[in-house]
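K.L.:
Input: one structure, supplied below.
Number of protein chains: 2
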Amino acid sequence: MPELRKDPITGRWVIISTERRKRPDAFRVEHLEPIDGMVCPFCEGQEAYTPREVLSYRRNGGAANGPGWDVRVVPNKFPALQVEGELDRHGEGLFDKMNGIGAHEVIIETPDHKASLATLPATSVERVLWAFRERVLDLKQDKRFRYILIFKNHGAAAGASLDHTHSQLIALPVIPRNVRDEISGARQHYQHKERCVYCDIVRQELDQRARVISENADFVALSPYAPRFPFETWLLPKRHGSNFEEAPRHEYETLARILKDTLQRMNRALESPPFNLIIHSAPFTESAQDFYHWHVEIMPKLTKVAGFEWGSGFYINPTAPEEAADVLREVVI
Amino acid sequence: MPELRKDPITGRWVIISTERRKRPDAFRVEHLEPIDGMVCPFCEGQEAYTPREVLSYRRNGGAANGPGWDVRVVPNKFPALQVEGELDRHGEGLFDKMNGIGAHEVIIETPDHKASLATLPATSVERVLWAFRERVLDLKQDKRFRYILIFKNHGAAAGASLDHTHSQLIALPVIPRNVRDEISGARQHYQHKERCVYCDIVRQELDQRARVISENADFVALSPYAPRFPFETWLLPKRHGSNFEEAPRHEYETLARILKDTLQRMNRALESPPFNLIIHSAPFTESAQDFYHWHVEIMPKLTKVAGFEWGSGFYINPTAPEEAADVLREVVI
């Protein structure tokens, strides 16, 4: 059983996932699948290589766990958390832990092994976002969970272990620290000004334009004022809303379009970089409706992040966001 | 002039270091020096390739910036921050920034190109720690600075751009976010219990032994209870003290010994892994004396850290600390 352990100083929770344990001498070997000649478990026709699906969108009413799907969601074969059991929170002297209860799912974004969110039609990207929404709405009924992290690692250097384009979802019984920090910063701003800080940012950025990459009816893509990484990009809904899964239907369509557009721009300007994408949304258990504003953060992996940056929380970024926005804005799609 | 910018939501400060700017098409090229046939600027006899030294320990009274040194401290040739100027804090609408004022120095740990902190004699490691101390005591007189980050990136995968063993020091006009988090967590524990949380950890770990790797008169090396990374290791002084630079002289000797020992254990057990090392010490401007406890954190770089882990502050660690401590404890040095 995996464990969730809390650092007694900072309150940071960590998953100790013994199911994923590797032997010390195996550490230097990186996962780099699909290994030549091996079957890709995310390809159409290979459904038997994954755990049984929890959701799929199918064109012609084909049976579950067979071919004929557009998007397919399955439990992670090597889950960081385990879905069955009780949390069993307890102490160990100074320390706090609980069982590593949670869901860990994989969203296979397309049957096409060679496609990506940048190359798929916008309607297919929209279906992926819709699958995220459906899974969140389902999982948030489980009262053990407090947060659902939706993220994508694209490319081996960004942590992807399979080439076939996919996203992941982790439902957690605790709220990740960076989410807590965002919530608490946004709450402070609201208490002070009675305005959402993200709404304020959207307004100021659309007014100044220096960090705006693109926009459509519902979203703006921008380089944030204090980015940790070169070409870090945020997609912010113009309309205030605290939760991704509660967005009106048309916003999944406009988000799909600006997401595809942003990834195409990055591919052109930065030679198809590896990247990480994270959906930031409010925890279920907090009433953050007035002051938190869901959004998407994309971090191309262009520079090595030295450990001191993880260790200190202090980032050195060699590219000004105004310059990054210029480069991405000028890409001809 | 580099800039320090503050994220308006989380309060996280970021250095936008335009001096280090690279062109977008140069991003994919990683620094991997020394390039064959090139001179290593950190080797003895090559002193002219670095900025002029700010400190050196010399065997026979040789002149500054020439050969004959054991440890040499020079300003970073490509500094992330600039030492001259005023902070000039100001706002930009919603946003806050100041000039990127600070010091960025390199501690060249030995003239020997092939040596490392694991292979150098303990007395040489002690001299390196002593150089850290001297530089901190000097720089903290500059009232513009609030924190000094001392860190080491060892190996290209950990962010080192030169092979020749060295550490770095960055003096900052702001306090890094993770330091703030530690200070505030430690303060809370103290307010609640009137004890230092690190002292409590040292006591409990020495009692339980399951996560202890080694100890000497003044220090314990342990795998922390909730480690972010496999084989993350902390070196904790047994005696309470908030600041590295205020440790009694004999603790630099015992720290040198346990540091060398720990790195040797990692080299044997994990095939000389790349690693990052960070000294955690209290900010100058806070009176954290009673409740903060300086220490060293070492993070071998064995697994890829996926961006979602930076982005969420939520870590998945496949190795239990008890297992890591077992492996490192059983290494025969």
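Residue numbers (my numbering), protein chains in the order written: chain G, -17 to 315; chain F, -17 to 315.
For each residue, glycine too, the CB sits at the ideal point set by N, CA and C.
For clarity, every value in this text was computed on a predicted model and none was experimentally measured.
1. Could you name the residues of the stretch 198 to 226 of chain G whose beta carbon sits closer than 9 angstroms to any beta carbon of chain F, in the order they occur along the chain?
2. Between the C-alpha atoms of alanine 97 (chain G) and proline 61 (chain G), what's the straight-line distance to the nearest angstrom?
3. Just to check my reading of the structure: valine 55 (chain G) and valine 36 (chain G) have Cβ atoms closer than 8 angstroms, yes? What is that Cβ distance to the nearest angstrom?
4. Please confirm whether lysine 125 (chain F) has its beta-carbon closer than 9 angstroms to some beta-carbon of chain G.
5. Under a CB-based cut-off of 9 angstroms, is glutamine 186 (chain G) close to chain F?
6. Could you tell me whether the Cβ atoms of tyrosine 129 (chain F) and phenylalanine 266 (chain F) are closer together than 9 angstroms?
7. Please specify which runs of the alpha helix (DSSP H), each continuous and at least 4 residues long, are wholly inside the stretch 149 to 194 of chain G, giving them in chain order.
8. On a CA-only basis, which of F:Glu87, F:Cys22 and F:Phe133 is nearest serine 294 (chain G)? Give me that one, please.
9. Determine, using beta-carbon pairs with one atom in the stretch 299 to 311 of chain F and one in the stretch 154 to 167 of chain F, whether at least three such pairs fall under 8 angstroms.
10. For chain G, is any of its Cβ atoms less than 9 angstroms away from the one on lysine 122 (chain F)?
11. Using a beta-carbon distance cut-off of less than 9 angstroms, what residues from the stretch 92 to 125 of chain G approach chain F?
12. Closest to serine 166 (chain F) by CA distance: which of G:Met(-17), G:Arg(-13), G:Pro(-16) and G:Ile(-9) is it?
13. Could you give the distance in angstroms between the alpha-carbon of tyrosine 39 (chain F) and the alpha-carbon of alanine 139 (chain F)?
14. Can you tell me the Cβ-Cβ gap for isoleucine -3 (chain G) and leucine 63 (chain G), rounded? I've got them flagged as a contact below 8 angstroms.
15. Which bits of chain A does phenylalanine 273 (chain G) rub up against, with CB to CB less than 8 angstroms?
16. Return helix, strand or coil for glutamine 246 (chain G), following the three-state DSSP convention.
17. Would you mind telling me which residues of chain F sit closer than 8 angstroms to tryptophan -5 (chain G), beta carbon to beta carbon, in chain order?
18. Does the beta-carbon of glycine 82 (chain G) have 16 or more other beta-carbons within 10 angstroms, so that it is buried, or is it exposed?
19. Quick check for students: name the residue ranges of the alpha helix (DSSP H) that lie wholly in the stretch 203 to 276 of chain G, counting only runs of 4 or more.
20. Could you pull the start and end residues of the beta strand (DSSP E) that serine 106 (chain G) belongs to?
21. Between valine 184 (chain F) and leucine 218 (chain F), which are expected to be in contact by the criterion C-beta below 8 angstroms, what is the C-beta distance as a whole number of angstroms?
22. Does the beta carbon of phenylalanine 266 (chain G) come closer than 9 angstroms to any beta carbon on chain F?
23. Going by Cα to Cα distance, which pick from G:Lys(-12), G:Trp216 and G:Gln28 is closest to alanine 208 (chain G)?
24. Please state if the CB of threonine 236 (chain F) and the CB of alanine 199 (chain F) are separated by a distance shorter than 9 angstroms.
25. With distances taken Cα to Cα, identify the nearest neighbour of glutamate 87 (chain G) among G:Arg191, G:Asp120, G:Ala100 and G:His72.
26. Listed in chain order, which residues of the stretch 46 to 76 of chain G have Cβ atoms closer than 7 angstroms to some Cβ of chain F?
27. Residues of the stretch 162 to 187 of chain F in Cβ contact with chain G at a cutoff of 7 angstroms, in chain order, please.
28. Where does leucine 310 (chain F) sit, in a helix, a strand or coil, going by DSSP?
29. Considering only the beta carbon of each residue, do alanine 229 (chain G) and arginine 311 (chain G) sit closer than 9 angstroms?
30. Given that a residue counts as buried once 16 or more other Cβ atoms are within 10 Å of its Cβ, and exposed if not, what is glutamine 271 (chain G)?
31. Given a cut-off of 9 angstroms, decide if alanine 192 (chain F) and tyrosine 180 (chain F) are closer than it, judged by their beta-carbon atoms.
32. Which chain F residues sit within Cβ distance under 8 angstroms of aspartate 243 (chain G)?
33. Could you pull the start and end residues of the beta strand (DSSP E) that isoleucine -2 (chain G) belongs to?
34. By the DSSP assignment, the beta strand (DSSP E) with glycine 73 (chain F) in it spans what residues?
35. Given that a residue counts as buried once 16 or more other Cβ atoms are within 10 Å of its Cβ, and exposed if not, what is serine 269 (chain G)?
P.N.:
On the basis of the data shown:
1. Pro206, Tyr207, Ala208, Pro209, Arg210, Phe211, Pro212 and Phe213
2. So the alpha carbons of these two residues sit roughly 25 angstroms apart.
3. Between valine 36 (chain G) and valine 55 (chain G) the Cβ distance is about 5 angstroms, and since that is below 8 angstroms, they are a contact.
4. no
5. yes
6. yes
7. 159 to 175 and 179 to 190
8. Nearest of F:Glu87, F:Cys22 and F:Phe133 to serine 294 (chain G), Cα basis: F:Phe133.
9. no
10. No - not a single Cβ of chain G is within 9 angstroms of the one on lysine 122 (chain F).
11. none
12. G:Ile(-9)
13. 30 angstroms
14. 6 angstroms
15. Included in the structure are the protein chains G and F, with no chain A among them.
16. DSSP places glutamine 246 (chain G) in the helix class (H, G or I) of the three-state scheme.
17. Ala208 and Phe296
18. Result: buried.
19. Secondary structure remark: continuous alpha helix (DSSP H) runs of at least 4 residues inside the stretch 203 to 276 of chain G, in chain order: 231 to 252.
20. Counting along the chain, serine 106 (chain G) falls outside any beta strand (DSSP E), though it belongs to the alpha helix (DSSP H) covering 104 to 121.
21. 5 angstroms
22. For phenylalanine 266 (chain G), the answer is no, since every Cβ of chain F falls outside 9 angstroms of its Cβ.
23. Ranking G:Lys(-12), G:Trp216 and G:Gln28 by CA distance to the CA of alanine 208 (chain G) puts G:Trp216 first.
24. Yes, the pair counts as a contact, with Cβ atoms nearer than the cut-off.
25. G:Asp120
26. Ala62, Gly75 and Leu76
27. Asp163, Glu164, Gly167, Ala168, Val179, Asp182, Ile183 and Gln186
28. helix
29. no
30. Counting the other CB atoms within 10 Å of its CB gives glutamine 271 (chain G) a total below 16, which places it among the exposed residues.
31. no
32. By Cβ distance, chain F contributes nothing, its closest Cβ being about 18 angstroms from aspartate 243 (chain G), past 8 angstroms.
33. -5 to -2
34. 72 to 74
35. exposed
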